[in-house]
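What follows is a set of notes on a single structure, which appears directly below.
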Amino acid sequence: MNKSDIVGRILTSVFYGKSKNKAKGMATNSAGILQLLKQVFQKFQTESLGSVLGSVRDQILTLGKLLKFYASGRYREVDLKNLVVILASFLYFLSPIDLIPDFLPVLGFTDDVALISFVFVSVTDEIAKFEKWLQENNIE
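Each residue of the sequence shown is one higher than the one before, counting from 113 in this note's numbering.
What follows is the structure, encoded as C-alpha coordinates:
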(Lines of atoms letter the chains of each structure in order from A and count residues from 1; the text may use other names and numbers.)
(Lines give C-alpha, C1' and ligand atoms only; values in the text may rest on other atoms or scores of the structure.)
Protein backbone atom coordinates (compact mmCIF):
# COMPACT_ATOMS: atom_id res chain seq x y z
CA MET A 1 0.00 0.00 0.00
CA ASN A 2 1.51 3.34 -1.02
CA LYS A 3 1.30 6.67 0.79
CA SER A 4 -1.61 8.07 -1.25
CA ASP A 5 -3.62 4.87 -0.65
CA ILE A 6 -3.03 5.21 3.08
CA VAL A 7 -4.03 8.90 3.07
CA GLY A 8 -7.17 8.12 1.08
CA ARG A 9 -8.17 5.46 3.59
CA ILE A 10 -7.43 7.77 6.51
CA LEU A 11 -9.51 10.64 5.12
CA THR A 12 -12.52 8.36 4.64
CA SER A 13 -12.10 6.52 7.94
CA VAL A 14 -14.40 6.88 10.92
CA PHE A 15 -11.31 7.70 13.00
CA TYR A 16 -10.44 10.79 10.94
CA GLY A 17 -14.11 11.76 10.75
CA LYS A 18 -14.29 11.84 14.54
CA SER A 19 -11.06 13.84 14.72
CA LYS A 20 -12.37 16.35 12.18
CA ASN A 21 -15.68 16.79 14.03
CA LYS A 22 -13.82 17.38 17.29
CA ALA A 23 -11.44 19.80 15.52
CA LYS A 24 -14.38 21.91 14.28
CA GLY A 25 -15.48 22.46 17.87
CA MET A 26 -11.93 23.08 19.05
CA ALA A 27 -11.11 25.72 16.42
CA THR A 28 -12.54 28.51 18.58
CA ASN A 29 -11.20 27.16 21.87
CA SER A 30 -7.74 28.59 22.48
CA ALA A 31 -7.25 26.69 25.73
CA GLY A 32 -8.23 23.46 23.99
CA ILE A 33 -5.74 24.10 21.19
CA LEU A 34 -2.94 24.76 23.67
CA GLN A 35 -3.81 21.59 25.61
CA LEU A 36 -3.80 19.62 22.35
CA LEU A 37 -0.35 20.97 21.50
CA LYS A 38 0.95 19.97 24.91
CA GLN A 39 -0.31 16.41 24.40
CA VAL A 40 1.07 16.20 20.85
CA PHE A 41 4.53 17.31 21.92
CA GLN A 42 4.52 14.99 24.94
CA LYS A 43 3.68 12.04 22.70
CA PHE A 44 6.15 13.13 20.04
CA GLN A 45 9.00 13.43 22.53
CA THR A 46 8.75 9.90 23.87
CA GLU A 47 11.96 8.06 23.06
CA SER A 48 10.42 5.39 20.89
CA LEU A 49 8.58 7.89 18.71
CA GLY A 50 11.49 10.22 18.04
CA SER A 51 13.08 7.96 15.47
CA VAL A 52 9.82 6.70 13.97
CA LEU A 53 8.43 10.19 13.45
CA GLY A 54 11.73 11.84 12.56
CA SER A 55 10.67 12.33 8.95
CA VAL A 56 7.83 14.64 10.01
CA ARG A 57 9.52 16.31 12.99
CA ASP A 58 9.95 19.70 11.31
CA GLN A 59 6.43 19.57 9.92
CA ILE A 60 4.96 18.88 13.36
CA LEU A 61 7.01 21.72 14.85
CA THR A 62 5.93 24.19 12.14
CA LEU A 63 2.25 23.26 12.37
CA GLY A 64 2.49 23.40 16.15
CA LYS A 65 4.04 26.85 16.06
CA LEU A 66 1.25 28.11 13.81
CA LEU A 67 -1.36 26.69 16.20
CA LYS A 68 0.41 28.20 19.21
CA PHE A 69 0.45 31.68 17.69
CA TYR A 70 -3.17 31.27 16.61
CA ALA A 71 -4.32 30.14 20.05
CA SER A 72 -2.45 32.99 21.75
CA GLY A 73 -4.20 35.50 19.49
CA ARG A 74 -0.96 36.81 18.04
CA TYR A 75 -1.65 35.40 14.57
CA ARG A 76 -5.25 34.98 13.40
CA GLU A 77 -4.85 35.00 9.62
CA VAL A 78 -5.53 31.26 9.34
CA ASP A 79 -8.26 29.99 7.04
CA LEU A 80 -10.78 28.10 9.19
CA LYS A 81 -10.77 25.10 6.84
CA ASN A 82 -6.97 24.81 7.14
CA LEU A 83 -7.12 25.26 10.90
CA VAL A 84 -9.61 22.40 11.20
CA VAL A 85 -7.48 20.13 8.99
CA ILE A 86 -4.35 20.80 11.09
CA LEU A 87 -6.22 20.25 14.36
CA ALA A 88 -7.82 17.06 13.01
CA SER A 89 -4.42 15.67 12.01
CA PHE A 90 -3.06 16.31 15.51
CA LEU A 91 -6.14 14.76 17.13
CA TYR A 92 -5.76 11.73 14.85
CA PHE A 93 -2.08 11.49 15.80
CA LEU A 94 -3.00 11.42 19.50
CA SER A 95 -5.50 8.61 19.08
CA PRO A 96 -3.87 5.22 19.77
CA ILE A 97 -6.69 3.48 17.89
CA ASP A 98 -6.87 4.65 14.30
CA LEU A 99 -6.49 3.16 10.83
CA ILE A 100 -3.25 1.43 11.85
CA PRO A 101 -3.25 1.10 15.67
CA ASP A 102 -0.25 2.78 17.29
CA PHE A 103 0.53 -0.20 19.50
CA LEU A 104 1.89 -2.05 16.44
CA PRO A 105 5.66 -1.45 16.60
CA VAL A 106 6.91 0.96 13.89
CA LEU A 107 4.06 0.10 11.52
CA GLY A 108 1.52 1.71 13.85
CA PHE A 109 2.68 5.22 13.03
CA THR A 110 2.73 4.80 9.25
CA ASP A 111 -0.72 6.35 8.95
CA ASP A 112 0.17 9.23 11.31
CA VAL A 113 3.29 10.10 9.29
CA ALA A 114 1.36 9.87 6.01
CA LEU A 115 -1.43 12.12 7.29
CA ILE A 116 0.87 14.77 8.76
CA SER A 117 2.90 14.87 5.53
CA PHE A 118 -0.29 15.17 3.48
CA VAL A 119 -1.68 17.95 5.67
CA PHE A 120 1.61 19.85 5.59
CA VAL A 121 1.58 19.82 1.78
CA SER A 122 -2.15 20.68 1.72
CA VAL A 123 -1.64 23.83 3.78
CA THR A 124 1.61 24.95 2.15
CA ASP A 125 0.18 28.37 1.25
CA GLU A 126 -1.02 28.85 4.82
CA ILE A 127 2.42 27.96 6.16
CA ALA A 128 4.15 30.30 3.70
CA LYS A 129 1.86 33.14 4.78
CA PHE A 130 2.58 32.38 8.45
CA GLU A 131 6.35 32.17 7.93
CA LYS A 132 6.27 35.48 6.04
CA TRP A 133 4.42 37.04 8.98
CA LEU A 134 7.01 35.64 11.40
CA GLN A 135 9.81 37.11 9.31
CA GLU A 136 8.12 40.51 8.95
CA ASN A 137 7.67 40.64 12.72
CA ASN A 138 11.20 39.42 13.49
CA ILE A 139 9.93 36.33 15.30
CA GLU A 140 11.90 33.08 15.30
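Every residue, glycine too, gets a C-beta built ideally from N, C-alpha and C.
Rounded to whole angstroms, the separation of the alpha carbons of L246 and L203 is 25 Å. Three or more beta-carbon pairs drawn from the segment 184-204 and the segment 224-242 are found closer than 8 Å, and the two stretches are therefore classed as touching.
DSSP, reduced to helix, strand and coil, places S234 within a helical segment of the structure shown.
For G137, the enclosing alpha helix (DSSP H) covers residues V126 to M138. Here R188 carries a coil assignment [DSSP, helix/strand/coil]. Under the three-state reduction of DSSP output, S229 falls in the helix class. DSSP places E252 outside both helix and strand once states are collapsed to three, so it counts as coil. If you compare the alpha carbons of E189, K155 and G185 with that of L173, the shortest gap goes to K155. For Q154, the uninterrupted alpha helix (DSSP H) segment begins and ends at S142 to F156.
Between A226 and I118, the C-beta spacing is below 7 Å. Nearest to I251 by alpha-carbon distance, out of V235, D223 and F181, is F181. Only exposed fits F153, as fewer than 16 other CB atoms lie within 10 angstroms of its CB. In terms of Cβ geometry, L179 and L206 do not form a close pair [threshold 7 Å].
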